[in-house]
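Chains as they are written, first to last, in my numbering: chain E, 232 to 494; chain F, 1066 to 1281. C-beta: ideal position from N, C-alpha, C; glycine also.
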C-alpha cells in the first residue's frame, strides 16, 4: 500500500475546514478542566495550511503540507533516524529518537516542518500529535490506521467539497491512482527530485503550481548531497581515522615502555 | 633540575580548550553519528551544553591563543613556534619510517614534536571552522539557503578537530608522557631528564643557554 493524497484546487474554496480538522485532531490539547487549548497563531502550526500566491491582481490559494517524499531530504539528513518512512512510505517522526538538531526543518524544500516552542497545557490526543519543541509535520493522520487498511485523514474527512482525495497508489482501479496515472493530478516542483506523494489537480493549466511555495532552491549544495557526503564520506572517514588513531596510540603505548625515544 | 615547559598562559588556554572541546565532542557526537546520548538523553540539555559550555570556554581561549602567539613571537618564534614547516614534515616522515621499522634513525625532537605541530594546526583550523559555522547557526538567524553550507563546514571542522585529538588523547594517557601531563595540570615544569629523553634538541638548547648564562 502506498497512500497518497490529492488536493483538487478546482474544488477547494479555501474554507479552512481541513485546517480546523487538522488542528482539532493533531494540534489541540485537552486540559484537565475539559478545555481545548491551542497554540497562539494556531494556523501556522496546522499541518495543512493555506498559502496565497499573487497572480497579477488576483490571489489564489494552495494548501501546503508534508509531501511524504519518496526521496525525502528530511529523512536523509536526520542523524538519528528519528525522521523515517514507515512500511507504506509515510514520513513520520519518532520522538524517542529525535535530538532536536532541527536539520530536517531546514532540509525540507517545501518548508512544511514547524516547531512550536510555546506553552500548551493539556494532554496530547495521540502519540503522533504535536510535541512541543520538536519538529512537527503532517502524518496523514497515521494514528487512524488500523491494521493494514487504508484510513481517512481528518482533513479529507472534513472537506465539505471533496477537494481532498486519499487513496492507494498501488490500487490500479482506485480514483486516486487513476488521476495520477492520467496526469490530471500532478506533483509540484518535480525539478527538486524529491518525488512527492502529495498531488494537486491544478486550476487553469497549473500556473500556480509552478509558483508553489518552496523555499528558493538556490542553495549551493542540496540537502540530499550534504546527507550523502556525510554518510558515504565524512562518517566513515571519522570512524576509520579515529579508530586508527586509538589503535596506533595503544600500540605506541605498549612499544614505548622503556623506549627512550618516545613522546 | 626542573625546566619550564608550559607557561601559565599555555596551561590556561589548554584547559579552556579541553573543556570546550570535550563538552562539544560529547554533545555533538550524537548528532554526527546519529544516536540519542545515553547519558544526557534530554535533547534540550544537550543543546544548551553544546551551545554555551562549548562556545564560552572556546571564545575565551581564542584571544589567549592569539596572546600566546604574540608571546612566542616576542620571545622569538624559533623552536617554540607551532607552525609546521618543511623540516617538520621531513622529521615527521622520518619518525613514521622509524615507527614502522623502515629506518633505524630517529631524529632529534625540538620543543614541539613535529606531529604535535601538525595536530595543533589541524585542531586550530578545525576550531576556526566549527566556531565560524556553529556560532551563527546557534545564535543567529542565518538564511536557510546557506544553512546547509554551515552544517557541512561544521562537520568538516568536527573531523579536523576530533581525529588529531583522538591521537592527542592516546598520547596524553601514555605513561611515558605523564610528567608533561602533570606539568600541564600544575606548575608547567618538567625535569631536564624527561626533556633530554623526549625533546633532546630542546633540552640541549636549554643546557647551552644555562652554560652561557653561568659563563656571563
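- Within 8 Å of the CB of residue 1155 of chain F, no CB atom of chain E is found; the nearest one sits about 17 Å away.
- Between the alpha carbons of residue 420 of chain E and residue 441 of chain E lies a distance of about 7 Å.
- At the C-beta level, residue 314 of chain E and residue 301 of chain E stay beyond 8 Å of one another.
- Residue 1199 of chain F sits buried, since 16 or more C-beta atoms from the chains shown fall within 10 Å of its C-beta.
- Burial state of residue 359 of chain E is buried, judged by a 10 Å Cβ sphere holding 16 or more other Cβ atoms.
- Between residue 240 of chain E and residue 395 of chain E a beta carbon distance of about 11 Å is seen, past the 8 Å cut, so the two are scored as non-contacting.
- Residue range 1254 to 1256 is occupied by the beta strand (DSSP E) that includes residue 1256 of chain F.
- Per the DSSP secondary-structure output, residue 483 of chain E pairs with nothing in a beta bridge.
- Its chain contains 1071 and 1249 as the residues whose beta carbon lies nearer than 8 Å to that of residue 1079 of chain F, once the 5 sequence neighbours on both sides are disregarded; these appear in chain order.
- Residues of chain F with a Cβ closer than 8 Å to the Cβ of residue 424 of chain E do not exist, since the nearest Cβ in that chain sits about 15 Å away.
- For residue 1225 of chain F, the uninterrupted alpha helix (DSSP H) segment begins and ends at 1209 to 1237.
- A residue is called buried once 16 or more other Cβ atoms fall within 10 Å of its Cβ, and residue 347 of chain E is buried on that count.
- For the set F:1094, F:1259 and F:1126, the Cα lying nearest the Cα of residue 1174 of chain F is the one of F:1259.
- Selection F:1194, F:1115 and F:1232 evaluated against residue 1096 of chain F yields F:1115 as nearest (Cα-Cα).
- In this structure, residue 292 of chain E places its C-beta atom within 8 Å of the C-beta atom of residue 281 of chain E.
- Here residue 254 of chain E has 269, 273 and 277 as same chain residues with Cβ atoms under 7 Å from its own Cβ, once five neighbours each way along the sequence are excluded.
- With respect to the C-alpha of residue 453 of chain E, the residue from F:1157, F:1274 and F:1212 having the closest C-alpha is F:1212.
- Within a 10 Å sphere around the beta-carbon of residue 423 of chain E sit 16 or more other beta-carbons, which makes this residue buried.
- Taken through DSSP and simplified to helix, strand or coil, residue 267 of chain E comes out as strand.
- As DSSP reads the structure, residue 1067 of chain F sits in a beta bridge with F:1256.
- Boundaries around residue 314 of chain E are those of the beta strand (DSSP E), 314 to 316, since no alpha helix (DSSP H) includes it.
- In the displayed model, residue 1204 of chain F falls within a helix according to three-state DSSP.
- Contact between residue 319 of chain E and residue 427 of chain E fails: their C-beta atoms lie close to 15 Å from each other, not under 8 Å.
- Looking from the CA of residue 1240 of chain F, the closest CA among E:486, E:294, E:257 and E:308 belongs to E:486.
- For residue 262 of chain E, not one C-beta of chain F is nearer than 8 Å to its own C-beta.
- Under the 8 Å criterion on CB atoms, residue 354 of chain E is classed as non-interfacial with respect to chain F.
- For residue 1069 of chain F, the closest of F:1270, F:1081 and F:1182 by C-alpha to C-alpha distance is F:1270.
- Listed by position along chain E, the residues whose Cβ is nearer than 9 Å to that of residue 1109 of chain F are 331 and 364.
- For residue 366 of chain E, DSSP records a beta bridge to E:346.
- Approximately 14 Å separates the beta-carbon atoms of residue 1082 of chain F and residue 1132 of chain F; this is outside 8 Å, ruling out the contact.
- In this structure, residue 411 of chain E and residue 400 of chain E form a Cβ contact; the two beta carbons are roughly 7 Å apart against a cut-off of 8 Å.
- For residue 1096 of chain F, the enclosing alpha helix (DSSP H) begins and ends at 1073 to 1098.
- In the displayed model, residue 274 of chain E falls within a helix according to three-state DSSP.
- For the C-beta of residue 1100 of chain F, the chain E residues within less than 7 Å are, from N- to C-terminus, 311.
- Taken atom to atom, the span from the alpha-carbon of residue 363 of chain E to that of residue 1166 of chain F is near 59 Å.
- Proximity of residue 298 of chain E to chain F, defined by a Cβ-Cβ separation below 8 Å, is not satisfied.
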